[in-house]
Amino acid sequence: MNWESITTQVDAVKSRGSDLQKRLRGLRHRLTLLLAVIGPGLITSNVDNDAGGISVYTQAGAKYGYALLWSLIPMTIALYVTEEMCARMGVITGKGLSDLIREEFGFRPTFFVMVTGFFVDLANVVAEFAGVAASMQIFGVSKYIAVPLAAALVWVLVLKGTYRQVEVIFLFACVLYLSYLFSAFLAKPDWLDAARHTIIPNLRFESGYLVMLMGLIGTTIAPWQFFYLQASFVEKKVGARQYRQARADVLVGSVSCMVIVFFIIVCTAATLYASGHRDITDAAQAAQALIPLAGRGAGILFAFGLLNASLFAASILPLSTAHVICEGLGFEAGIDHKFKEAPIFYWLYTILIVVGAGIVLLPHAPLWKILIFSQVGNGFWLPVVVIFILLLVNRRDLMGEYVNTLTFNVVAWVTAIAMIILSLVLAYTAVFQGTPTG
Amino acid sequence: MQIYATELMGAETYDALGHFVGRVREFFIEPADQPNRVSHFLLSRGRFQPLLARYNQVGAVAPGTLRLNCSERELALYTPNEAWLAVRKDLLDQQIIDTQGRKVVRVNDVDLTEQKTNGNVELRLTQVDVGLPGAVRRLLQGVVGPGLIRKLQNPLPQRTIRWEFVNLIEPDPLRRVKLRITHEKLEDLHPADLAEMMEELSAAERQGIIASLDEETAAAVLAELDERLTSQIVEKLDPEKAADILEEMAPDAAADVLADLPKETSEELLEEMPGHEASEVRGLMAFDESTAGGMMNTEFVFVGETSARDEVLQWMRTQELNVDQLDTIVLLDTDAKFSGTVSVARLLLADPEQRMSELKTEPLLGVPGDADERDVFELFDKYNLRMLTVTNREGRPIGTITVDDVVSRLVKR
Chain A
1 MNWESITTQV
11 DAVKSRGSDL
21 QKRLRGLRHR
31 LTLLLAVIGP
41 GLITSNVDND
51 AGGISVYTQA
61 GAKYGYALLW
71 SLIPMTIALY
81 VTEEMCARMG
91 VITGKGLSDL
101 IREEFGFRPT
111 FFVMVTGFFV
121 DLANVVAEFA
131 GVAASMQIFG
141 VSKYIAVPLA
151 AALVWVLVLK
161 GTYRQVEVIF
171 LFACVLYLSY
181 LFSAFLAKPD
191 WLDAARHTII
201 PNLRFESGYL
211 VMLMGLIGTT
221 IAPWQFFYLQ
231 ASFVEKKVGA
241 RQYRQARADV
251 LVGSVSCMVI
261 VFFIIVCTAA
271 TLYASGHRDI
281 TDAAQAAQAL
291 IPLAGRGAGI
301 LFAFGLLNAS
311 LFAASILPLS
321 TAHVICEGLG
331 FEAGIDHKFK
341 EAPIFYWLYT
351 ILIVVGAGIV
361 LLPHAPLWKI
371 LIFSQVGNGF
381 WLPVVVIFIL
391 LLVNRRDLMG
401 EYVNTLTFNV
411 VAWVTAIAMI
421 ILSLVLAYTA
431 VFQGTPTG
Chain B
1001 MQIYATELMG
1011 AETYDALGHF
1021 VGRVREFFIE
1031 PADQPNRVSH
1041 FLLSRGRFQP
1051 LLARYNQVGA
1061 VAPGTLRLNC
1071 SERELALYTP
1081 NEAWLAVRKD
1091 LLDQQIIDTQ
1101 GRKVVRVNDV
1111 DLTEQKTNGN
1121 VELRLTQVDV
1131 GLPGAVRRLL
1141 QGVVGPGLIR
1151 KLQNPLPQRT
1161 IRWEFVNLIE
1171 PDPLRRVKLR
1181 ITHEKLEDLH
1191 PADLAEMMEE
1201 LSAAERQGII
1211 ASLDEETAAA
1221 VLAELDERLT
1231 SQIVEKLDPE
1241 KAADILEEMA
1251 PDAAADVLAD
1261 LPKETSEELL
1271 EEMPGHEASE
1281 VRGLMAFDES
1291 TAGGMMNTEF
1301 VFVGETSARD
1311 EVLQWMRTQE
1321 LNVDQLDTIV
1331 LLDTDAKFSG
1341 TVSVARLLLA
1351 DPEQRMSELK
1361 TEPLLGVPGD
1371 ADERDVFELF
1381 DKYNLRMLTV
1391 TNREGRPIGT
1401 ITVDDVVSRL
1411 VKR
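This is the structure:
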């Protein structure tokens, strides 16, 4: 072997090494870019699995076993498509959804969107605190202690923290949803059967089944989340250059949200459905029923998941609502401002928490009715919001080259129309038949 | 008499003979002619083409009605004009900058005053309403009568901004020229205030403002802005303009901006910058952001340690020195190595003949360029420093870190 060939070989090895290094560095670089953006999408989608949502998923699993699992895939697509539009608007225009509605549609439509939003969200906040009360009861804590404590915790968390700190806590809360994964494993389900039902659609034309299906969709895609998602991207100052990362964040969020739903349904299907406990009305009851079936650990984890979800949503919902109203009316908003700089924002936030928690504490509070009202409200409000989003995201003067593509528009409009129909039917059944769907 | 834009939108319009002409849909200001006079009214007539009434064709104005002093036949057909400011489209519900209150606010309504001239009535725009009264008018307009609305709004707290303090934000540069929107008033604001306001605007609006400011102000604003926004803006600027702005920035600030940009973009901008400035910035960019080198500024004042106090003062007077950097002077020994620092306060009190080496601050402190920023913070804290010298491997000073660099780093953490 001559000297020249040795040096070429050495060079080849060296360049391979540096190639690998380069690739590794590229990967690390991409990961840092993603981590800088990730957060809003993940948080928003997960907070969707709130107290009302978990109740519905629990019932779906308890009543129909694995039979509804197939709906999760189309729901993931619908969730992703609608959320992605908001993320894109936030990233490209740098403005919140209510800002854009105000600028493009004028004062009055904005005002009505905001007033409706306030009352619907208030009902949702009540539902979250009811979730806190129910889950803490399983741990043997009275609601008169648990709810005020939770309200105080939520209030302090957001008011005293910076956006960055709050986001970290919220991301941590997302991780806690994994408690449902563990309780699903403890329930020892038939994974093969579950997987089969996830892929193969199983549409039954029975009214109970259809109502449950609508309930699933209605609680998973909530209107307020769009405002929150867009505002978070704006507040995080994510720009057009990071659009791809923002989109990835939304995708990861929607998928992880649905994965959690999957585990909740699997867990309750393997235990409650299999043993005949099919008429569960809420998540706390399910947690209680799980203890003899899958062991104390599973029940506790389930209740803990509900507590986490309720607290999580209770901290985000009032925040998002205060944001929407202040942005639309032109008041200073955002947790990066001090109390003095944005008094109306902080007052709205406080009122939502105090009133929301207060209603749960009333001795004979009609919690069940409020829960229904919050779902019906979401159902009616959602189509309005989605149509506003679709009108805005197709405006070339706002979005430039980032307007919806035809495929995206088709998927989004189909989603919107399907949601309108389903919401109306859900509202109808909730009001006239009084079916408890959550 | 005062009248509000909301009360005029949808106003029924009659001609001199009392015939109904149409409803006011929009009205315009022609900034090239007069900055605050309503120049044209757009009258819509259902399925017919809309008409345009000039200001001198208006005889009387009241909430909900407009009377012309001419006949319908004298009115022109409406054709859009980019050089007119449309009150409903460009002003209502949009964000503006209140240059006096130094805030970004959203317009709820526009206040007008009547001015009678021979035979016609002119409307002058006096202030914009950003408070509750305007919101109430917008909400109730057309639902209840104007008299009742005025009664309801009276007890509400007023929040208005005089028209001369209103700075419109128009992202489109051509339209900005046509509408005579300048950002001179913004250049008088403190860059930090302007930066804070810009964070509330849309991406396109931010871009528009930076592009229209002079380079010096733009550089100062970009240095104050959130770094994520700064890199977004610089990336989208015309490269020549971006390079001019970066040149105006302190080298360390410019290096921070460039470090956040994609490699090709930052290379392109460095090519555009003059040679020695570019190489200075390049040198700074070689340091990791979280090291002493990543924090330091390369513009500092240095003199030989053997020179006398008066010599130094004489020399400094003849130089064009940046006053911000003149807090502390770096001393060099005969090998051009770092040998200490002298605070300007001590220099002031010293005797004319005293040598610089006698005025040195004790102890002798310096850090290498690759020192971790946490070590820098600790030194500042321990010795109550206002400035710290950064040296290279040969012990030569390459830059200084001042206390304001430390403060902004700590705030960011």
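First to last, the sequence lines map onto chains A and B.
Per the working numbering, residue 1 is the first one in the first sequence, and the count goes up by one each step.
Per the working numbering, residue 1001 is the first one in the second sequence, and the count goes up by one each step.
Backbone N, C-alpha and C define an ideal beta-carbon position, used for all residues, glycine too.
Remember, predicted model here, so these are calculated numbers, not experimental data.
Quick one: which unbroken beta strand (DSSP E) runs of 3-plus residues sit fully inside the stretch 1213-1280 of chain B? Chain order, please.
-> none
Helix, strand or coil for A/S142 per DSSP?
-> coil
Kindly indicate if chain A contains any beta-carbon less than 7 Å away from that of B/A1203.
-> yes
Along the chain, where does the alpha helix (DSSP H) that runs through A/T271 open and close?
-> No alpha helix (DSSP H) holds A/T271; DSSP gives it neither H nor E.
A/R396 CB to nearest chain B CB: under 7 Å?
-> no
Which residues, in chain order, does the stretch 94-108 of chain A contribute to contact with chain B at a C-beta distance below 7 Å?
-> G94, K95, R102, E103, G106, F107 and R108
Separation of A/E103 from B/V1021, as counted between CA atoms | 30 Å
Neighbour list for B/L1229 in chain A, Cβ cutoff strictly below 9 Å | G94, K237 and G239
Residue ranges of each alpha helix (DSSP H) run of no fewer than 4 residues wholly in the stretch 1013-1091 of chain B, ordered along the chain?
-> none
The beta strand (DSSP E) spanning B/F1302 covers which residue range?
-> F1302 to G1304
Alpha carbon to alpha carbon, what distance is there between A/A286 and A/A60?
-> 11 Å
Secondary structure of B/Q1319, DSSP reduced to three states = coil
Spatial neighbours of B/P1050 in its chain, beta-carbon cut-off 8 Å, leaving aside the 5 residues before and after | G1022, R1025, L1042, L1043, S1044, L1077 and Y1078
Expected contact under 8 Å - CB spacing of B/L1066 and B/A1016 to nearest Å = Contact doesn't hold; Cβ gap of about 12 Å is too wide.
Could you check where the beta strand (DSSP E) with B/E1114 kicks off and where it finishes?
-> D1109 to T1117
Along chain A, in chain order, which residues have C-beta atoms closer than 9 Å to that of B/D1226?
-> K237
Alpha carbon of B/D1256 to alpha carbon of B/M1285, nearest angstrom | 7 Å
A/V154: which of A/V166, A/K143 and A/Y144 sits nearest, CA to CA?
-> A/V166
Under 8 Å by beta carbon: chain B residues contacting A/D319 = The residue you asked about is not Asp; residue 319 of chain A is Leu in the sequence shown. Result: empty, since nearest Cβ-Cβ is about 18 Å, beyond 8 Å.
Quick one: does B/Q1153 have its CB under 7 Å from some CB of chain A?
-> no
Close-in-space but distant-in-sequence residues of the same chain around A/F388 (CB under 6 Å, 5 per side omitted) = I101
Are the Cβ atoms of B/W1163 and B/Q1127 separated by less than 7 Å?
-> yes
7 Å Cβ shell around A/Y80 - same chain, five flanking residues per side excluded = V250, L251 and S254
Cα separation between B/A1204 and A/V211?
-> 45 Å
From A/D99 to B/V1166, what does the alpha carbon distance come to, in whole angstroms?
-> 20 Å
Looking at chain B, which residues of the stretch 301-333 of chain A have a Cβ within less than 7 Å of any of its Cβ atoms?
-> L329 and G330
Spell out whether any CB of chain B is found under 7 Å from the CB atom of A/F227.
-> no
Check B/M1009 in the structure and name its three-state DSSP category.
-> coil
What does B/R1138 touch in chain A if you count any residue whose Cβ is under 9 Å from its own?
-> G106, F107, R108 and F111
Note down, in chain order, every chain A residue with its Cβ under 8 Å from the Cβ of B/V1130.
-> G330
Does DSSP put B/R1159 in a helix, in a strand, or in coil?
-> coil
Close Cβ partners of A/L392 (< 7 Å) along its chain, the five nearest in sequence each way excluded = M89, L100, E104 and L398
Should B/Q1232 be flagged as near chain A, meaning a C-beta pair shorter than 7 Å?
-> yes
Report the rounded CA-to-CA distance for A/E84 versus B/Q1034, giving the unit in angstroms.
-> 45 Å
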